[in-house]
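Since the structure comes first, as C-alpha cells, the remarks are kept for the end.
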Amino acid sequence: MRENQLQKQAVRYLKKVPDLWFYVVNDRVTSGIPDIVMCHRGRFKAIELKVGKNKPTELQKIQLERIQESGGLVTVAYDLDAVVNFIQNTH
Numbered sequence: 054m055r056e057n058q059l060q061k062q063a064v065r066y067l068k069k070v071p072d073l074w075f076y077v078v079n080d081r082v083t084s085g086i087p088d089i090v091m092c093h094r095g096r097f098k099a100i101e102l103k104v105g106k107n108k109p110t111e112l113q114k115i116q117l118e119r120i121q122e123s124g125g126l127v128t129v130a131y132d133l134d135a136v137v138n139f140i141q142n143t144h
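Under this note's numbering, residues 54 to 144 are what the sequence shown spells out, in order.
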C-alpha cells in the first residue's frame with residue numbers, strides 16, 4: 054500500500070466520526086507538519102501516516118513532540134486500524 058492510499062482510507066473514516074474537524078495537510082512549503090490535523094471533542098490531535106518500513110523524519114518527530122508538549126495528542130499510523138484506535142481511545 055502507498056501512503057496516499059492509506060490517507061484516502063483515513064479520510065473516509067474520519068468523515069464519519071462525530072464531533073471531529075480535520076484537515077489533510079498538503080503544504081509542501083512547511084516541512085514536518087503531520088499529514089492530518091484535527092480537533093476532536095475539544096482536543097487537538099495529529100496523525101502522521103507511514104506505510105511499510107517508512108519512519109518519520111527527524112523534522113516530523115520534532116513537530117510531533119512540539120504538539121505533545123503543547124498538550125496535543127499525536128500518533129504515527131501505519132494502517133487504518135491504528136487511525137481508528139487513536140480516534141476511539143484518545144480523549
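From the three backbone atoms N, C-alpha and C, an ideal C-beta is built for every residue, glycine too.
Outcome for residue i when other beta-carbon atoms lying within 10 angstroms are tallied against a minimum of 16
i	result
PRO71	exposed
LEU88	It should be pointed out that residue 88 corresponds to Asp in this sequence rather than to Leu. Answer is buried; the Cβ neighbour count reaches 16.
ILE115	exposed
LEU112	exposed
Nearest candidate by alpha-carbon position, reference residue i, set the options
i	options	result
CYS92	LYS108, GLY124, GLY105, ALA130	GLY124
ILE86	VAL64, LEU133, LEU102, MET54	LEU102
ASN57	GLN121, ARG94, TYR131	TYR131
Per DSSP, the bridge partner or partners of residue i
i	result
ARG96	HIS93
PHE75	MET91
ALA130	LEU102
Contacts around residue i, its chain only, beta-carbon distance under 6 Å, and the 5 residues preceding and following it disregarded
i	result
VAL127	ALA99, LEU117, ILE120, GLN121
PHE97	GLY125
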